[in-house]
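The structure appears right after this line, and notes come after that.
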């Protein structure tokens, strides 16, 4: 099995790698963009005399427009309830970079925002119920009166709109239109 020959990096590629590194992209993510390993990117930067980033030193260069746009897009995705992996894929960066963005934006735990008395479909949020494996569950009341714990992500993304009463109602309506016998009424638990 012959190994695939990689093209040598051009001067423009080298300048772009340095810029991406200065903006905070991970070595691994830069490597993915240029079909290289993160270690090879690190070696290249070392050969070019680029100093390694220190977490204790603040950036000296002003942030680029692309970086600021990524930060803003990250904020929107996190507030929509996207996971770190989903954000990373959407932004084209690594997960650790998304974590850094979230820290800079002050969005470490987005579901800590109080959703009490907010309406999601037929659900009205009463209060924060509990955390299970770092996922928030909200105690919600449906318009039909059913109370239930609902997963945070399912609630804010619109995957859970009611306790199921709307499906029962639409089934009754369809059966009434067709003239089919009525289904027995279901009593919520």
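Residue numbers (our numbering): 2 to 190.
Glycine is no exception: its CB is placed at the ideal position from the N, C-alpha and C atoms.
Which residue from the options puts its Cα closest to that of residue i?
i	options	result
residue 19	47, 96, 9	47
residue 41	102, 29, 93	29
residue 122	87, 114, 78, 156	156
residue 138	127, 67, 97, 73	127
residue 104	153, 72, 12, 164	72
residue 62	13, 44, 22	22
residue 74	106, 152, 51, 53	106
residue 153	136, 51, 142, 8	136
Going straight from the alpha carbon of residue i to that of residue j, what length do you get?
i	j	result
residue 161	residue 148	13 Å
residue 10	residue 88	29 Å
residue 169	residue 91	37 Å
residue 178	residue 114	44 Å
residue 93	residue 35	13 Å
residue 119	residue 125	6 Å
residue 174	residue 166	12 Å
residue 31	residue 67	15 Å
residue 27	residue 129	36 Å
residue 97	residue 39	14 Å
residue 100	residue 171	43 Å
residue 144	residue 131	22 Å
residue 164	residue 70	38 Å
residue 45	residue 33	14 Å
residue 54	residue 64	15 Å
residue 76	residue 176	46 Å
residue 2	residue 37	Annotation note: pLDDT 41 at residue 2 (below 50); position unreliable, no value reported.
residue 111	residue 146	Bear in mind that a pLDDT of 46 at residue 111, under 50, signals an unreliable position, so the number given afterwards is only what the model happens to contain. Taking the straight line from one Cα to the other gives about 28 Å.
Looking at residue j and residue i, is the spacing between their C-beta atoms short of 8 Å?
i	j	result
residue 108	residue 79	yes
residue 25	residue 49	no
residue 82	residue 158	yes
residue 141	residue 151	yes
At 4 residues or longer, what runs of the alpha helix (DSSP H) sit wholly inside the stretch 10 to 68?
Listed in chain order, they are 12 to 24, 28 to 34, 39 to 48.
Which full runs of the beta strand (DSSP E) of 3+ residues lie inside the stretch 70 to 158, going along the chain?
Positions of the beta strand (DSSP E) runs, each at least 3 residues long and wholly inside the stretch 70 to 158, are given as 124 to 133, 136 to 143, 148 to 152 in order along the chain.
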